[in-house]
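Just add 9 to the spot in the sequence shown (first one is 1) and you have this note's numbering.
For every residue, glycine included, the Cβ atom is placed at its ideal position computed from N, Cα and C.
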Amino acid sequence: MVITVPNRVWKPAVWAANAFKLRPYGGYENWVGDRPLRRWIDAAGLSVETQLGFNLLPHTRFCRPAFDGIDRLSSLHPG
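Right, here's the structure in full:
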């Protein structure tokens, strides 16, 4: 099973983009954190085999190393 959730680090940027109508998305986003998501997975009798992230702007070559470094910060993935 693959579960995707938006990274909470980007929440302020997403709110700003929505406020300025720069992001035409009308769906529901659950900004669940790592620990609550893991509790839900554990409660369902499942386990996490791999956890990874991808950056918001993968096409921007000059930013990618910085964003990938941020994604690897252990403080963003407690547990």
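Report, in whole angstroms, the separation of the C-beta atoms of residue i and residue j, which I expect to be a contact under 8 Å.
i, j, result
"V4", "V14", "Only positions 10 to 88 of the chain appear in this structure, which leaves residue 4 out of reach."
Residue j and residue i - do their beta-carbons sit closer together than 8 Å?
i, j, result
"N16", "G62", "yes"
"R100", "V18", "Missing from the structure shown is residue 100; the chain here goes from 10 to 88 and no further."
So is the beta-carbon of residue i under 7 Å away from any non-hydrogen atom of the ligand COA?
i, result
"V57", "Ligands in the displayed structure: none, and consequently the ligand COA is not present."
Threshold first: 4 residues or longer. Then list the alpha helix (DSSP H) segments lying entirely within the segment 12-78, N to C. 20-28 and 43-52
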